[in-house]
Structure formats: C-alpha cells, structure tokens
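First residue of the sequence shown: 263, per my numbering; consecutive thereafter. Quick reminder that beta carbons are idealized off the backbone N, C-alpha and C, glycines included. All of these numbers come straight from a predicted model, not from anything done at the bench.
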Amino acid sequence: MRRNIIFIGEDNKINNELYQLLNWRFDVTRFEGEADVLNDINLADFSLAVICMVGKKKDYTEWFDCLSECGMALPVVTISTESESTAYEKFYQTKQFHRLLRPVTGRTILAKCRGIVTGEFSNENETVNEKKNEKEHILVVDDNAMVLRNIKGILEQDYSVAVAPSGVHAFISIGKKIPDLILLDYEMPEMNGKQVLEKIREQEEYMDIPVIFLTSMDTRETVIELLALRPAGYILKPVDSQMLLDRIEDIIGK
C-alpha cells in the first residue's frame, strides 16, 4: 500500500530529483514557503514528513515547530549536512525526528522512510542494510544493441551490469538476480517501458527497485507522460555519461 507523505524543500535540482524519487515509492505532497500552510491540511492523512535542507541558507525552525506541535507525533526525516542540523538539535532529542546526514544516497533515504512508515525501525541510530564489498547491480533494458554496449561500457567499472534487449528478457534477468536499479528504455516494441514498469510494480519483491527511464523523445507531452508513471527519474538519449553516473550515484551510490 502506498503511503501519503509530506516533502518540504526548496525548488532546486537536488530537491526536485529527490521529490521525484520519493514519489516513486510514496504519494508525495510537496510544500515550500511558509510553514503555516500545514494549518490547511489534515496531518492525520500522512504517515511521514521529509525536510530536505539543500538550497539557499534558510531557517526551518517554523517547520520544525509546527510539526512537533501538531499533536499527531508525525515522524519527520530531515536531510542535511551536520552543520545545518545543529540549529535543530533539541528536536532530535525526541523520537519524532530522525536525521540523515549528507552525503546520502537516494536508496538510503527511501529505505529509512519506508522503514519508519512500516514500523521496521524507528531509531535514528539504526542503519540501513547496505551491501558491503559488492558492486551494486544495474540492469539495462533497451532494444538497441549499441545503446546496451555503450551504457555497459560507461557503468561496468563501478557497477555490476546486466543487459536485456527486451522486456521479456528483463524479467528473466531479474529472476536470476534482483538489480539495485533498472535503466529502462521507454520506447520498445512488443513490451514497452510503461508495460515493463507496471509489471514490476505488480510483484512485491520487485516493486522497490528504482527505475530510470531512457528516452530519445524530449517533447513536453512525452515528459508529462513519463512523469505520470512516477519513475525514479528519466534520462534523455544519447546518454551523457557523467550525467548518468551522477544520477545513479545519487540513488544507489557506488
């Protein structure tokens, strides 16, 4: 079941990408500006609030105060540097507030949020189970063999990479080894990216795998269509190697 969560953060590239990633796993309502907007909603409808302090220097005290005084004990996860969190130290003395210190991967953020809303863990000192001494596994799905070769060449120094030339082959690969992330061509014959994503989400053991769409179509209509599917992100072809590496590292690290 998808949970409703609140996301608080300025309008910038990092926050926008994090919002999109959270929207992959949750139903996210985003707020900017003044904290009094919380007075206009029923906080009982939400399972979690996420505050990301990335951006211009801003005082989030009113947001902290409003969330701590709401009477609902709504769990709050904050994402900041250690110095940025110092001003709010008193809030972290309670069980309501949990902090994640940057740099932190999207996967760690997702796992922390999911663990809190499901009750799997609640203490800020608990850590997410990350694989150690093993490369993260990425599955690349595209019907173009040259694209598969190129992306594999970009990634294989830092990651374990599997390739699949179709949606059907993608599920054969996933069955052998569940990937940490999937790069998925949106325009494929027979089973397109949308259909593959929908099938992934139908299976509980696969539904938490972040999916980044690859597309050569950059029209406004295509972007709207892509975002409506709530992927973890999308990247335009031809793929810029540094942009691809940066986006993957943001989500799952190295």
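Since L498 and T481 should fall inside the 8 Å C-beta cutoff, what is the C-beta to C-beta distance between them, to a whole number of angstroms? At roughly 11 Å, the Cβ-Cβ gap does not stay under 8 Å, so L498 and T481 are not in contact.
What are the boundary residues of the alpha helix (DSSP H) that includes L372? 368 to 380
For a test of the three-state rule: what should DSSP assign to D289, helix, strand or coil? strand
Output yes or no for whether 8 Å exceeds the beta carbon distance between A426 and V403. yes
Taking 8 Å as the cut-off, decide whether the C-beta atoms of D512 and T370 are in contact. no
6 Å Cβ shell around R492 - same chain, five flanking residues per side excluded: N285, W286
Pull up the distance between the alpha-carbon of K439 and that of K397, whole angstroms please. 13 Å
Looking at the strands, I want to know which residues DSSP matches up with V312. F269, V339
Check the DSSP bridge columns for I400 and list the partner residues they point to. V423, L443
Alpha carbon to alpha carbon, what distance is there between D327 and F353? 9 Å
For M450, which of helix, strand or coil comes out of DSSP? coil
Option nearest I416 by Cα separation, candidates M505, I378, T343: M505
By Cβ distance, which residues of its chain are closer than 6 Å to R265, with the 5 residues on each side in sequence left out? F288, S309, V379
Report the rounded CA-to-CA distance for A424 versus D405, giving the unit in angstroms. 14 Å
Grab me the residues of M469's own chain with a C-beta within less than 8 Å of its C-beta, minus the 5 sequence neighbours each way, in chain order. I462, R463
Helix, strand or coil for S478 per DSSP? coil
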